Structures are given as structure tokens and as C-alpha cells.
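First comes the structure, then the notes that go with it.
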Amino acid sequence: MKQISILLFSALMSLSAFSQEQDTLRLFGNNRKEKAPKETQKDNFFNSDSGNGIRTITGPGHKLGFYFGFNTSYSQIDGYDAFSAGASVAMISNHGLALGFAGKGFFSEVYKTEPGSNTSYGYAGGYGGFLIEPILFPKNPVHVSFPVLLGAGGIAKSRLVDYGYPYEYDDFYIDETQAYLIAEPGVELEFNIAKWIRLGLGASYRITTSLGPDNFSNDALNGFTGGLSMKFGLF
142 MKQISILLFS ALMSLSAFSQ EQDTLRLFGN NRKEKAPKET QKDNFFNSDS GNGIRTITGP
202 GHKLGFYFGF NTSYSQIDGY DAFSAGASVA MISNHGLALG FAGKGFFSEV YKTEPGSNTS
262 YGYAGGYGGF LIEPILFPKN PVHVSFPVLL GAGGIAKSRL VDYGYPYEYD DFYIDETQAY
322 LIAEPGVELE FNIAKWIRLG LGASYRITTS LGPDNFSNDA LNGFTGGLSM KFGLF
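Each residue of the sequence shown is one higher than the one before, starting from 142 at the first, in this note's numbering.
Structure representation (C-alpha cells):
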């Protein structure tokens, strides 16, 4: 009887050791998984599907930022000096691509078509739309971005009677207004002044649909623009 007890005890010990080594029966494959590092788990959560391993184009460690921007620039409208000011707001994906909205308002210098006439003219208007801005080497102190604005706007031609500097006149009339579609690709040299401030020097080229033959040249707004921008946000 004592020998039988010893044999049963030995069998139980062997079975216990075997079950601990195997962890579980492999009816559905190996269930033992080593815990992935915290960073790897985070990357997989954002960038792959747990069922089939599909990965996204954003790559590992998807991050989001944002900025509010303000800008001022110089250009020409129908051959006359013009100035503009605008603002933008955008979300930044992985530091390298900003998507948002931007808008600008502009006005031209006041001019006369006939020497000695008491009638002067000027242009004013604005435009806005969707902003797409790829950013190269955004973590470097000096880097480059390529903002592109796609949208629509309007322009007005004004007539001022007995105009005098600065912006004094007896009568004011709007001769004509015109709507248009616009595309404005550009390039900016940006400086990281602080973690939340960027200063930019840039140039762009406005391309609009035809403005009409009466009081506007068809390509009155087309041309280069150069300016200064400031951005505030989480980059």
C-alpha cells in the first residue's frame, strides 16, 4: 500500500510540472504572449488593426497639434500697390502636415485715371478657403513649409470723389463687384522662435478665375505676393 501511495504521488507531481510548463492545452495555438513594451502597444493601437496587421500612412506615434496664424503681405492689383492681412487656423498631423482654413482681406492704393480729375479709384475685397500645408523638417530651428489655399472670394472697384490723403473724400461709390475662385500656392521660410511661436517669411502666387471685362482686367488679381506671418500653437 505504501508503494502504491508513493507511485501515485510521483505521477501527480509529474502531471503538475507538465501542466505548468505548457501553461494551457494548445487547442487554439500558443496562448502565451509576452507583454509588448508600452510604446509598441500605443503604436499598434493607433496605427494597425489587431486582426490583420493593417498599418496606416501616418506611421508610428501619430501626433496632433494646432496653430492660429496671422499674416500681412504686399502685392499688386491690376498694376497698383496693394496690401493684405489675414488669419488661419489649422490642425497639424505628425508635425509635418497642417490642414485648416485661411482667409485674407486686401485693398489697393487709390489712383486716378486722368490727371487733374477729382475722381479716384481703388480696389478692395477678400478671399478664403481650405488650407493645405506640408512642412519639411519641422523640428529644425529653420525649416520650410508649402501652404496652398483653395477657395473663393470677391473684389469691388470703388469710386471716390474729391479724395484727399489720408482717406478723406466727399462721395464714395461702388462701381462693380465680382466673385471668383482662387488657388494660392506658396512657400514659407519658418523660424522656431519658441516652442509655441513661429515666424515666417513667405511668397505665394494668386491664380483666379476671370474677373470680367467691364471694370476689371481678367487677371487683375493674378500675381506674386510677399509677406510676413506669425503662428501660435502646439507644433
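The beta-carbon is built from N, C-alpha and C at its ideal position, and this holds for glycine as well. Treat the numbers as computed from the prediction; the structure is a model and nothing was measured.
Going straight from the alpha carbon of residue 333 to that of residue 298, what length do you get?
The residue labelled residue 333 in the question sits at position 192 within the sequence shown. The residue labelled residue 298 in the question sits at position 157 within the sequence shown. Approximately 40 angstroms, taken between the alpha carbons.
Any idea if residue 393 is buried or exposed, counting beta-carbon neighbours within 10 angstroms, 16 or more meaning buried?
With the chain covering only 142 through 376, there is no way to say anything about residue 393.
Out of 216, 231, 217, 224, point me to the one whose CA is closest to residue 207's CA.
Indexing the sequence shown from 1 puts residue 207 at position 66. Checking every option, the nearest Cα to that of residue 207 belongs to 231.
For residue 333: DSSP bridge partner residues:
Position 192 of the sequence shown, counting from 1, holds the residue named residue 333. The partner list for residue 333 (beta bridge, DSSP) reads 339.
Skipping 5 residues on each side, what residues in its chain have a beta carbon closer than 8 angstroms to that of residue 338?
Start at 1 with the first residue of the sequence shown, and residue 338 comes out as number 197. The residues are 371, 372, 373.
Candidates 265, 342, 235, 305: closest to residue 320 by CA position
Taking the sequence shown and counting its residues from 1, one reaches residue 320 at position 179. Checked all of 265, 342, 235, 305; the closest Cα to residue 320 is 265.
In the DSSP output, what is residue 248 paired with across the bridge?
Taking the first residue of the sequence shown as position 1, residue 248 is located at position 107. Its beta-bridge partners are 224, 265.
Distance between residue 236 and residue 170 (C-alpha atoms, nearest Å):
For the purposes of this step, residue 170 is taken as residue 29 along the sequence shown, with counting starting at 1. For the purposes of this step, residue 236 is taken as residue 95 along the sequence shown, with counting starting at 1. Because the pLDDT at residue 170 is just 44, under 50, the model does not fix this residue reliably, and the point stays unresolved.
Per DSSP, which one or two residues make a beta bridge with residue 312?
Position 171 of the sequence shown, counting from 1, holds the residue named residue 312. 302, per the DSSP bridge assignment.
For residue 209, which of 340, 365, 361 has the nearest alpha-carbon?
Looking up residue 209 in the sequence shown gives position 68. With distances taken between Cα atoms, residue 209 lies closest to 340.
Give me, in chain order, the residues of the same chain whose beta-carbon lies closer than 8 angstroms to that of residue 205; leave out the 5 immediate sequence neighbours on both sides.
Here residue 205 is taken as the residue at index 64 of the sequence shown, counted from 1. For residue 205, where only same-chain residues beyond five positions count, the Cβ hits under 8 angstroms are 232, 233, 234.
At least three beta-carbon pairs within less than 8 angstroms, the stretch 248 to 257 to the stretch 272 to 281
no
Residues in the same chain with beta-carbon distance under 6 angstroms from residue 353, minus the five sequence neighbours each way, listed in chain order, please.
The residue given as residue 353 occupies position 212 in the sequence shown. 319.
For residue 326, name the three-state secondary structure that DSSP assigns.
Locating residue 326 in the sequence shown gives position 185, counting from the first residue. In the structure shown, residue 326 sits in a strand (DSSP, three-state: E or B).
With 16 other Cβ atoms within 10 Å as the buried cut-off, status of residue 215
Sequence index remark: in the sequence shown, residue 215 carries index 74 (1-based). Label assigned to residue 215: exposed.
Using DSSP bridges, identify the partner residues of residue 369.
By 1-based counting over the sequence shown, the position of residue 369 is 228. Its beta-bridge partners are 213, 342.
CB of residue 292 within 8 angstroms of CB of residue 269, strictly:
Here residue 292 refers to the residue found at position 151 of the sequence shown. Here residue 269 refers to the residue found at position 128 of the sequence shown. Yes, the Cβ-Cβ distance between residue 292 and residue 269 is below 8 angstroms.
Just mark residue 262 as buried or exposed, buried being the case when its beta carbon has 16 or more other beta carbons within 10 Å.
Position 121 of the sequence shown, counted from the start, is the residue given in the question as residue 262. It counts as buried.
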